Amino acid sequence: LARHTGGSFIVRIEDTDQARKVEGAAESILESLRWLGLDWDEGPEVGGDYGPYFQSERLDIYQPIAKKLVEEGHAYLCYCSPQRLEEMRAEQMRRKEPPRYDRRCRNFSQGERLKLEGEVSSSVVRFKTPLEEETRFCDLLRGEVIFDNSSLDDFVILKADGYPTYHLANVVDDHMMEISHILRADEWLSSTPRHILLYRALGYEPPQFAHLPMILGEDRSKLSKRHGATSLLEYREQGYLPEAMMNFLALLGWSLDDKTEIIGRDQLIEHFSLERIGVTGAIFSQEKLAWMNGTYLRQLNLDEFSEKAIPFLEKGLPASISHPLPEEYIKQILPLVQERIKTLGDLPQLTDFFFIDELSYDGELLIQKGLTKKSTLEALRVSKDRLDKLVPRIVVPPEPQDLGLMVQLEAFNTESLEGALRPLAEELGLKTGQLFGTLRVAVTGRTTAPPLFQTMAVLGRERCLKRIQAALEKLTA
RNA sequence: GCCCCGGUCGUCUAGAGGCCUAGGACGUCAGCCUUUCAAGCUGAAAACACGGAUUCGAAUUCCGUCCGGGGCACCA
-16 LARHTGGSFI VRIEDTDQAR KVEGAAESIL ESLRWLGLDW DEGPEVGGDY
34 GPYFQSERLD IYQPIAKKLV EEGHAYLCYC SPQRLEEMRA EQMRRKEPPR
84 YDRRCRNFSQ GERLKLEGEV SSSVVRFKTP LEEETRFCDL LRGEVIFDNS
134 SLDDFVILKA DGYPTYHLAN VVDDHMMEIS HILRADEWLS STPRHILLYR
184 ALGYEPPQFA HLPMILGEDR SKLSKRHGAT SLLEYREQGY LPEAMMNFLA
234 LLGWSLDDKT EIIGRDQLIE HFSLERIGVT GAIFSQEKLA WMNGTYLRQL
284 NLDEFSEKAI PFLEKGLPAS ISHPLPEEYI KQILPLVQER IKTLGDLPQL
334 TDFFFIDELS YDGELLIQKG LTKKSTLEAL RVSKDRLDKL VPRIVVPPEP
384 QDLGLMVQLE AFNTESLEGA LRPLAEELGL KTGQLFGTLR VAVTGRTTAP
434 PLFQTMAVLG RERCLKRIQA ALEKLTA
């Protein structure tokens, strides 16, 4: 929305819970945004006129505001212990009542306050929610939403440790940072009346609100750790492309029209609009993401694909393979697997036979349906013999003056291999599938692999002959 | 329990009263292509939660029911 309208996209880290502080969490959020290409105009690392952008560094802004709210009668100090609150809630639940603060500290006299301050070591600041009437606001996606103030309790705005709660910090910062639009998940909708009340008490003009549909797990509940990978960075590690992830995420709750599935960043910015956001929660479909990633992967040219693929091969191939991996060889392999993968993480296991010296596989796999050990051996022997005879030739142009164009034909290429092996099947009285199947296992160690001739051409003459020999030995042993 | 928000194929969605015999995509199934696996192409099965009301006409408006989700912390 910011990019579409020419506004500013601001990143603010809301780190106001000391108890849940996790080392490196903020950095990984920023890294996720960077990975997706969601660059920000103001915030950590880039700065801006409204900093600091970490709420933990803004305590001296929130505290005086909380104090002022107390002085003006919009808030009050609460001395109730966590234990008391917990017991109270438990009792309320038992009686099937809504769990909420009973406002014991709301109407203490000055004398009672002084007495309690002497006895109690810590206190929090609570907002004095109006007891009656209702709070309404207009959600850009859902229209007018109305809450009875009587259903709200006196929520904490400043904790005992001097940190603000989300409610206070968010309202104060959105005002001070001149935020125009709050686009946040649905789960915040029921907190919004509290925020409206706070804006009002502080004399601030509230921003526009749009509560977005949530991303759900397979069981339709709020997406969480137990639903599997929930961190963007995990998807990066698995070999998803940021462009695919961005595209997929954008279509969860938003659509361009009745048919567009693949849409790039620029087009997204150009066409994005609040009006086309839906209101129902969307299940995060791994399968569709995988499909989409596949289509993005297939669009890459060889250089791009190879640049992205190499780190995954370096990491995923057996350690015994010598590193660094030869780039030219890899560039021959990659086109054979590009349309066969859904993530870059699929690469190592799909291509390892290109790198491993000694294949290990069950010799029985060599014997194709309808063949015997004997006929398989025969097929392998004859094949090896034919391939042995495929040697490089020099083609000399007929006109002497064209000698500079003399080309060397690598006889061990896709065409020559096909030219040699296809007729061979008939010669041996085999179906092509039978002969090729046997050779595929001999040369790759598996029953499914990229196209045989291309695979053999990339492996090269020596490796293929060696592997067929190994297959013969495997069957004779 | 109380409050709020929702409900179109299994999933993501199109649908702003007649264009809807409800469109697209993923997935599924079948066929084509084919040396295996993919990719690609073609086709099929598959949905308006239910009940009333308004209207000549309702997936679209209103009400109720049911179902689902979210919130109800010194978490965000």
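In the numbering used here, the protein residues as written are -16 to 460. Built from N, CA and C at the ideal position, the CB exists for glycine as well. No experiment lies behind these values; they were computed from the predicted model shown.
Status (buried if at least 16 other CB within 10 Å, exposed otherwise) for residue i
i, result
"residue 284", "exposed"
"residue 391", "Model confidence at residue 391 stands at a pLDDT of 48, short of 50, so the residue's coordinates are unreliable and nothing is read from them."
"residue 366", "buried"
"residue 5", "exposed"
"residue 351", "buried"
"residue 292", "buried"
"residue 177", "buried"
"residue 121", "exposed"
"residue 103", "exposed"
"residue 420", "buried"
"residue 439", "buried"
"residue 152", "buried"
"residue 2", "exposed"
"residue 406", "exposed"
"residue 460", "exposed"
"residue 49", "buried"
"residue 66", "exposed"
"residue 355", "exposed"
"residue 415", "exposed"
Same chain, Cβ closer than 8 angstroms to residue i, five either side skipped, listed in chain order
i, result
"residue 248", "20, 226, 229"
"residue 325", "273, 274, 276, 277, 280"
"residue 328", "220, 221, 222, 295, 299"
"residue 443", "395"
"residue 173", "130"
"residue 238", "259, 261"
"residue 161", "33"
"residue 11", "214, 216"
"residue 302", "none"
"residue 154", "178, 181, 182, 185, 187"
Contact set for residue i: own chain, Cβ-Cβ below 7 angstroms, skip 5 residues either direction
i, result
"residue 196", "169, 236, 261, 262, 263, 264, 265"
"residue 166", "-16, 193, 195"
"residue 218", "212, 228"
"residue 149", "-3, -1"
"residue 331", "295, 296, 299, 300"
"residue 210", "200, 201"
"residue 118", "130, 132, 176, 179, 180"
"residue 83", "136"
"residue 107", "61, 139, 141, 142, 143"
"residue 105", "143"
"residue 86", "137"
"residue 123", "191, 192, 193, 257"
Same chain only: Cβ atoms within 6 angstroms of residue i, ignoring 5 sequence neighbours per side
i, result
"residue -12", "none"
"residue 363", "451, 454, 455"
"residue 428", "336, 342, 344"
"residue 437", "319, 397"
"residue 241", "none"
Whole-number beta carbon distance between residue j and residue i, since they are thought to touch under 8 angstroms
i, j, result
"residue 109", "residue 61", "5 angstroms"
"residue 216", "residue 15", "6 angstroms"
"residue 113", "residue 157", "The pair is not a contact, with the Cβ atoms about 21 angstroms apart (cut-off 8 angstroms)."
"residue 255", "residue 198", "With a Cβ gap of about 18 angstroms, residue 255 and residue 198 do not count as contacting."
"residue 424", "residue 430", "6 angstroms"
"residue 353", "residue 417", "6 angstroms"
"residue 370", "residue 448", "6 angstroms"
"residue 338", "residue 317", "Wrong, their Cβ atoms sit about 13 angstroms apart, outside the cutoff."
Near the ligand GDP: residue i beta-carbon under 7 angstroms from a heavy atom
i, result
"residue 87", "This structure does not include the ligand GDP; it has no bound ligands of any sort."
Query raised in the report: Can at least three beta-carbon pairs, one atom from the region 115 to 131 and one from the region 68 to 87, be found at a separation below 8 angstroms?
Result: No: fewer than three Cβ pairs fall under 8 angstroms.
Query raised in the report: Counting only runs that start and end within the region 30 to 70, where is the beta strand (DSSP E) found for 3 or more residues in a row?
Result: Counting only runs of 3 or more, we get 58 to 61.
Query - Touching by the beta-carbon criterion (3+ pairs, under 8 angstroms), the region 41 to 61 and the region 171 to 188 - result: The region 41 to 61, when compared against the region 171 to 188, does touch it at the 8 angstroms Cβ threshold.
Query raised in the report: Can we say the region 86 to 97 touches the region 142 to 151, given the rule of at least three CB pairs closer than 8 angstroms?
Result: No contact exists between the region 86 to 97 and the region 142 to 151.
Report task. Check whether the region 18 to 35 touches the region -9 to 1, counting contact only when three or more Cβ pairs, one atom from each stretch, lie closer than 8 angstroms. Result -> At 8 angstroms Cβ cutoff, the stretches touch.
Requested in this report: Output the residue ranges of the alpha helix (DSSP H) runs that lie fully inside the region 318 to 375 and measure 4 residues or longer, sorted by chain position.
Outcome: Runs found: 330 to 334, 356 to 372.
Query raised in the report: Does the pairing of the region 30 to 44 with the region -4 to 5 give three or more beta-carbon distances under 8 angstroms?
Result: Between the region 30 to 44 and the region -4 to 5, the count of Cβ pairs shorter than 8 angstroms is three or higher; the stretches touch.
Report task. Please determine if the region 196 to 210 and the region 304 to 318 are in contact, where contact requires at least 3 C-beta pairs separated by less than 8 angstroms. Result -> Under the 8 angstroms Cβ criterion, the region 196 to 210 does not count as touching the region 304 to 318, having fewer than three qualifying pairs.
Requested in this report: Ignoring anything shorter than 4 residues or poking outside the region 127 to 173, list the alpha helix (DSSP H) runs there in chain order.
Outcome: Scanning the region 127 to 173 for uninterrupted alpha helix (DSSP H) segments of 4 residues or longer gives 149 to 159, listed from N- to C-terminal end.
Query raised in the report: Which runs of the alpha helix (DSSP H) fall wholly inside the region 224 to 265 and span at least 4 residues, in chain order?
Result: Correct list: 225 to 233, 248 to 254.
Query raised in the report: Which residue spans inside the region -15 to 12 form an unbroken alpha helix (DSSP H) run of at least 4?
Result: Along the length of the region -15 to 12, whole alpha helix (DSSP H) runs at least 4 residues long occupy -15 to -12, reported in chain order.
Query raised in the report: Fully enclosed by the region 187 to 220, which beta strand (DSSP E) runs are 3 residues long or longer?
Result: Counting only runs of 3+ residues, the beta strand (DSSP E) found wholly inside the region 187 to 220 occupies 191 to 195, in chain order.
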